[in-house]
Amino acid sequence: MENLVQIHQTLVENPRESIRRELLDEIDWSQRLICIKGFRGVGKTTFLLDLVKEKYADDRSCLYVNLNNFYFTKRKIVNFADEFYKKGGKVLILDQIHKYPDWADELRICYDSFPELQVIFSASPVLRVIEGHENLQGIAQVYHLEGLSFREYLNFKGSFQFRKYQLDELIANHVAIAAEITEKVKPLAYFNEYLQTGYYPYFLNSKSFYSETLLKHVNLALEIDVTYLNQIELKYLPKLRKLLQIICSQVPFSPNVSKISTDVETSRATIMNYLRYLKNARLINLLFSNGGEDQQKKPDLVYAHNTNILYAVDPENINNRNLRTTFFYNQVGYKYEVKSSALADFKVAGNYHFSIGGKYTEPFNESSFAAADMIEEGKGHIIPLWLFGFLY
Numbered sequence: 001m002e003n004l005v006q007i008h009q010t011l012v013e014n015p016r017e018s019i020r021r022e023l024l025d026e027i028d029w030s031q032r033l034i035c036i037k038g039f040r041g042v043g044k045t046t047f048l049l050d051l052v053k054e055k056y057a058d059d060r061s062c063l064y065v066n067l068n069n070f071y072f073t074k075r076k077i078v079n080f081a082d083e084f085y086k087k088g089g090k091v092l093i094l095d096q097i098h099k100y101p102d103w104a105d106e107l108r109i110c111y112d113s114f115p116e117l118q119v120i121f122s123a124s125p126v127l128r129v130i131e132g133h134e135n136l137q138g139i140a141q142v143y144h145l146e147g148l149s150f151r152e153y154l155n156f157k158g159s160f161q162f163r164k165y166q167l168d169e170l171i172a173n174h175v176a177i178a179a180e181i182t183e184k185v186k187p188l189a190y191f192n193e194y195l196q197t198g199y200y201p202y203f204l205n206s207k208s209f210y211s212e213t214l215l216k217h218v219n220l221a222l223e224i225d226v227t228y229l230n231q232i233e234l235k236y237l238p239k240l241r242k243l244l245q246i247i248c249s250q251v252p253f254s255p256n257v258s259k260i261s262t263d264v265e266t267s268r269a270t271i272m273n274y275l276r277y278l279k280n281a282r283l284i285n286l287l288f289s290n291g292g293e294d295q296q297k298k299p300d301l302v303y304a305h306n307t308n309i310l311y312a313v314d315p316e317n318i319n320n321r322n323l324r325t326t327f328f329y330n331q332v333g334y335k336y337e338v339k340s341s342a343l344a345d346f347k348v349a350g351n352y353h354f355s356i357g358g359k360y361t362e363p364f365n366e367s368s369f370a371a372a373d374m375i376e377e378g379k380g381h382i383i384p385l386w387l388f389g390f391l392y
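This is the structure we're talking about:
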């Protein structure tokens, strides 16, 4: 255990550039079993270490360990937690729980056996923490660490302190909000850069290799998160990769499942499953008219999860239309229910219909709205597209 304590101390003391994520302030830290899910490279490890630095910097009752460590090939989590607990441990942080077999059963034992111990663990977005494990239902609280919002990116790049807004507040006061922001910064000067290389924090290390890093993580997500965790044979990986490429080259598109199944050389039912797996892996977004994901129903439209993935997977087919709609769905969909709309591009929060486009975009009718690109400030029901990056 002492070796793991030394690793913990080294990681916490190591000076590194990071972006403080506001999810730190949104989690109910009084809960005893907390899961942080997120895409590869989104910053889960950094998030956990930032938590340690803020709350437990010199406190030996908190310990961070990575379950990738070979130590856990010979020792069970529950036995390790028992020793840690007996030595005064109160907060055990387990990174990459999906790398460990029988993790759910052991977490339940820890929860029942050590009443004063809090366990915080990170996991792949694909992992069915509650849905697939009845013994964790009612005790595990799951949070998703998403990529950077445009607001978070702007705050970091320009050392600003812009706050986030509720959707109702943004719609009602968008003119004043945009004016306040544009007094301090030209958001459009950063917007295209964000669309290409701003969603994931890879740019902190090397902007030059951003796309290569993202592509590596996309492939790892397909090889491990999608195939391994869904128990798909590795020989089917090329089909998953081909499906993702088809999606990114045609976003947003209404999937012709029969044609796609022919192109990918698999069954319609398998394509439907693959779409769901890619969605759970945070590689794509599915849009339904009813807002919910019916496993038996074909989605109305399919989008890339975020614009950075479009640039990494199929940079030759980028156009303004797919960038704008992908950005809007990604930024708004994190906090609000997004459905397809018969009147516009999206129906948000059950009330608002949005048409997405360039600076001359108009609302479909007097009760709907337009999210217009290439404008700093809007008027009436026309709202700058970039401003929807201030919702989280």
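In case it helps, UniProt numbering puts the sequence shown at residues 1 to 392.
A virtual CB, placed ideally from N, CA and C, is assigned to each residue, including glycine.
Give the secondary structure of residue i by DSSP, where H, G and I count as helix, E and B as strand, and everything else as coil.
i	result
Tyr311	helix
Phe328	helix
Asp95	strand
Asn301	Sequence check: residue 301 is Leu here, not Asn. If DSSP states are grouped into helix, strand and coil, Leu301 belongs with the strands.
Phe369	strand
Pro384	strand
Val257	helix
Gln141	strand
Leu100	Position check: residue 100 holds Tyr in this sequence, whereas Leu was assumed. Coil, per DSSP.
residue 400	Residue 400 lies beyond the stretch modelled for the chain, which goes from 1 to 392, so this question has no answer here.
Ser341	coil
Gly41	coil
His353	strand
Phe288	coil
Leu229	coil
Lys347	strand
Val129	coil
Asn306	coil
Lys186	coil
Asn66	strand
Ile181	helix
Leu283	coil
Lys239	helix
Leu33	strand
Lys53	helix
Buried or exposed: which applies to residue i, given that a residue is buried once 16 or more other Cβ atoms fall within 10 Å of its Cβ?
i	result
Lys86	exposed
Phe121	buried
Pro363	buried
Arg75	exposed
Glu152	buried
Pro15	exposed
Ser124	buried
Asp345	buried
Gly138	exposed
Asp373	buried
Trp386	buried
Trp310	Per the sequence presented here, residue 310 reads as Leu, with Trp not at that position. Leu310 comes out buried.
Tyr392	buried
Asp25	exposed
Gly389	buried
Arg21	buried
Please report the Cβ distance between residue i and residue j, rounded to the nearest whole angstrom; I am assuming they are in contact, meaning their Cβ atoms lie under 8 Å.
i	j	result
Leu49	Tyr64	7 Å
Ser208	Ala312	Not quite, the Cβ-Cβ distance comes to about 14 Å (not below 8 Å), so this is no contact.
Glu136	Ala104	According to the sequence displayed, residue 136 carries Leu and not Glu. Rounded, the Cβ-Cβ distance is 6 Å, consistent with contact.
Ile246	Val257	With 8 Å as the limit, Ile246 and Val257 do not qualify as a contact, their Cβ atoms being about 12 Å apart.
Tyr111	Ile77	With a Cβ gap of about 12 Å, Tyr111 and Ile77 do not count as contacting.
Ser340	Lys347	7 Å
Leu215	Ile19	Wrong, their Cβ atoms sit about 22 Å apart, outside the cutoff.
Cys35	Ala178	Wrong, their Cβ atoms sit about 36 Å apart, outside the cutoff.
Glu377	Thr213	The Cβ separation is near 35 Å, so there is no contact.
Tyr202	Lys157	Not quite, the Cβ-Cβ distance comes to about 14 Å (not below 8 Å), so this is no contact.
Val218	Leu243	At roughly 13 Å, the Cβ-Cβ gap does not stay under 8 Å, so Val218 and Leu243 are not in contact.
Measuring alpha carbon to alpha carbon, tell me which residue in the options is nearest residue i.
i	options	result
Thr143	Leu391, Lys37, Gln161 and Leu310	It should be noted that the sequence gives Tyr, not Thr, for residue 143. Ranking Leu391, Lys37, Gln161 and Leu310 by Cα distance to Tyr143 puts Lys37 first.
Ile171	Asn285, Lys359 and Asn351	Asn351
Val119	Ile309, Glu131, His133 and Lys90	Lys90
Phe160	Val185, Val52 and Phe80	Val185
Leu33	His381, Ile356, Glu116 and Arg276	Glu116
Gln96	Gln231, Gly41, Glu233 and Glu376	Gly41
Val52	Leu92, Glu22 and Ser30	Leu92
Lys44	Phe191, Ile109 and Tyr200	Tyr200
Gly380	Leu387, Met374 and Ala370	Ala370
Ile109	Thr326, Phe80, Gly389 and Leu4	Phe80
His305	Ser289, Asn290, Lys298 and Asn322	Asn322
Asn285	Lys297, Val338 and Glu233	Val338
Thr227	Leu127, Ala269 and His353	Leu127
Tyr303	Phe288, Thr326 and Lys297	Thr326
Asn290	Ala349, Asn308 and Asn273	Ala349
His8	Leu94, Asp28 and Ile27	Leu94
Gly357	Leu220, Glu169, Ile375 and Ala342	Ile375
Against chain D, with Cβ distances strictly below 9 Å, would residue i count as a contact?
i	result
Ser267	The structure shown contains no chain D; it holds only a single protein chain.
Do three or more CB pairs link the segment 313-325 to the segment 249-257 at distances below 8 Å?
-> These segments touch.
Validate contact between the segment 162-171 and the segment 50-58 using beta carbons, cut 8 Å, 3 pairs | As far as the Cβ criterion goes, the segment 162-171 does not touch the segment 50-58, which means the pair count is below three.
Are the segment 266-280 and the segment 327-334 in contact at 8 Å, needing three or more beta carbon pairs?
-> No: the two stretches stay apart, fewer than three of their Cβ pairs being nearer than 8 Å.
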